[in-house]
Amino acid sequence: MKKSTMKTDTSVSIGKLNLKNPVMTASGTFGYGLEFKDFLDLEALGAIVVKGIALEPVLGNRPQRIVETASGMLNAIGLQNIGVEKFLSDKMPLLARYKTPVIANIYGTDVKDYVAVAERLADSAVAGIEVNISCPNVKKGGLQFAADRKAIIKMLGGIKKVYKKTVIMKLSPNTGNIEDIALLCEDYGADAVSLINTLVGMAVDLDKKTPVLSNIYGGLSGPAIKPVALAMVHKTAKRVKIPVIGIGGIMNYRDALEFIIAGASAVQIGTANFRDPAAPVKVAAGIKEYLEANKIKSVKNLIKTLKYQ
Ligand SMILES: Cc1cc2nc3c(=O)[nH]c(=O)nc-3n(C[C@H](O)[C@H](O)[C@H](O)COP(=O)(O)O)c2cc1C
Numbered sequence: 014m015k016k017s018t019m020k021t022d023t024s025v026s027i028g029k030l031n032l033k034n035p036v037m038t039a040s041g042t043f044g045y046g047l048e049f050k051d052f053l054d055l056e057a058l059g060a061i062v063v064k065g066i067a068l069e070p071v072l073g074n075r076p077q078r079i080v081e082t083a084s085g086m087l088n089a090i091g092l093q094n095i096g097v098e099k100f101l102s103d104k105m106p107l108l109a110r111y112k113t114p115v116i117a118n119i120y121g122t123d124v125k126d127y128v129a130v131a132e133r134l135a136d137s138a139v140a141g142i143e144v145n146i147s148c149p150n151v152k153k154g155g156l157q158f159a160a161d162r163k164a165i166i167k168m169l170g171g172i173k174k175v176y177k178k179t180v181i182m183k184l185s186p187n188t189g190n191i192e193d194i195a196l197l198c199e200d201y202g203a204d205a206v207s208l209i210n211t212l213v214g215m216a217v218d219l220d221k222k223t224p225v226l227s228n229i230y231g232g233l234s235g236p237a238i239k240p241v242a243l244a245m246v247h248k249t250a251k252r253v254k255i256p257v258i259g260i261g262g263i264m265n266y267r268d269a270l271e272f273i274i275a276g277a278s279a280v281q282i283g284t285a286n287f288r289d290p291a292a293p294v295k296v297a298a299g300i301k302e303y304l305e306a307n308k309i310k311s312v313k314n315l316i317k318t319l320k321y322q
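Heads up: take any position in the sequence shown, counting from 1, add 13, and you land on my numbering.
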C-alpha cells in the first residue's frame, strides 16, 4: 500500500498566538507549569495556562478546599497565588526556556487591579493573558464581574491600552446569558473568549451537619459539567467571530474533538490533570491520530462542523 505523504496540520491561531496544537492546560489545575515537567513534555502542549495571578500574593481559603463529587470535583481554593512580581522573577525565566507559549491567567479585586497586572506582564515573555472574570470562590473579584457589562467594558478598555498581545476573556456559566457577554467582549476588543469556568456547587457533611468546604460553596468541574460546557461553547461560537476556547470536563481526545466540532478553536484540560498529569499531551496526540486516521488535513477543517439532523 502506498504510504500517505499528507502532513497533518494540528496548528491553530488564537488572536496573535500561533499554537502548534489546540490543547492547553486549564488555569489552576496545572500550577505554574514547571511542577509538571517530569510528568509530560511541556513542549508537546499548545500552550501552558498558569494559575490565576494577582497584583499581590494571596493565601487562598482555609482547608477544606477540595472535595471529590460523583462525576468531578468541587474546589474553593480562593485564588491562592504568589503574586505577579514573584511570578515574573521566579517562574517566568524558567518557563521561558520552553518553546511553548505561556498564557497568564489574571484576576483582581477591582478593575484597576486587573489593568495593573496586565500592564506588569506587558513586556514579559508571557505570550498572552486570560482574564478571569468568572471565579466563584472568592468574595471580591472574579464572579462579581462576570455579568457586569460596565465593568467589563472598563476592564477591556484599560487592558487593551496597556497590553498589546493576545487577550482572552474567561467567562462564567453562573450568570445570565454567556453568549451576550462573549459578544460584548468581542465588541470591546477581546481576541478570544474561553469558557466555561466552574459551576457553583456545594457538599454537605451529613455526620457533622456542616458544609464540607470552608468556603461553603465551591466550583464544580470535571465530567459532570461537560454537557453544560458543550452547549455554552456551541451557542457562543454561533454568535461571535473571535475564537472560542472550550473548557469543561474534557478527559480525553474524543471529548476535545466534540468541543472542536461544536465550535471551539482550541480546548483546555483541567480536572483530568488530577487523574493523569499527562492527560493534555495524550489529548493532543489523540487529536493528531484522529486527523491522520480520517485523512483530515488540518484540525482547522473540523472547527464548527457540527451537522444538524
Ligand atoms: C483546583 C482548581 C483551581 C482552579 N483555579 C482557577 C484559576 O485560578 N483561574 C481560572 O480562571 N480558573 C480556575 N479553575 C477553573 C478551570 O480552569 C476550568 O475552567 C474548570 O475547572 C473547568 O474545566 P475542567 O472541567 O476541565 O476542570 C480552577 C479549577 C480547579 C479544579
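Where is the CB? At the ideal position from N, CA and C, for every residue including glycine.
- Between K64 and N94, the C-beta spacing is below 7 Å.
- Within the same chain, and ignoring the five residues on either side of K167 in sequence, the residues whose Cβ sits closer than 8 Å to its Cβ are V124.
- V139 is positioned such that its CB atom lies no closer than 7 Å to that of I119.
- In the same chain as G276, and ignoring 5 residues on each side of it, the C-beta atoms closer than 8 Å to its own belong to V246, H247, T249, A250, K251, V257, G259, I316, K317, L319, in chain order.
- Between the stretch 107-118 and the stretch 259-269, the count of Cβ pairs shorter than 8 Å is below three; the stretches do not touch.
- Ranking A83, S137, A159, G235 by CA distance to the CA of L107 puts S137 first.
- When C-alpha distances from D204 are compared across A131, G141, K33, F158, the shortest belongs to G141.
- Under the 10 Å beta carbon count, G121 is surrounded by 16 or more other beta carbons and is classified as buried.
- Proximity of the beta carbon of A39 to ligand 1 is indicated: a heavy atom of the ligand is located closer than 6 Å.
- N228 and G202 have their C-alpha atoms spaced approximately 34 Å apart.
- The C-beta distance from L197 to I165 rounds to 6 Å, short enough to meet the 8 Å contact threshold.
- When C-alpha distances from N74 are compared across S234, I255, L226, the shortest belongs to L226.
- In the DSSP annotation of this structure, the continuous segment of the alpha helix (DSSP H) that includes M168 starts and ends at 162-175.
- Taken atom to atom, the span from the alpha-carbon of G170 to that of I27 is near 20 Å.
- Counting the other Cβ atoms within 10 Å of the Cβ of Y321 gives fewer than 16, which makes it exposed.
- At least one heavy atom of ligand 1 falls within 6 Å of the beta-carbon of S234.
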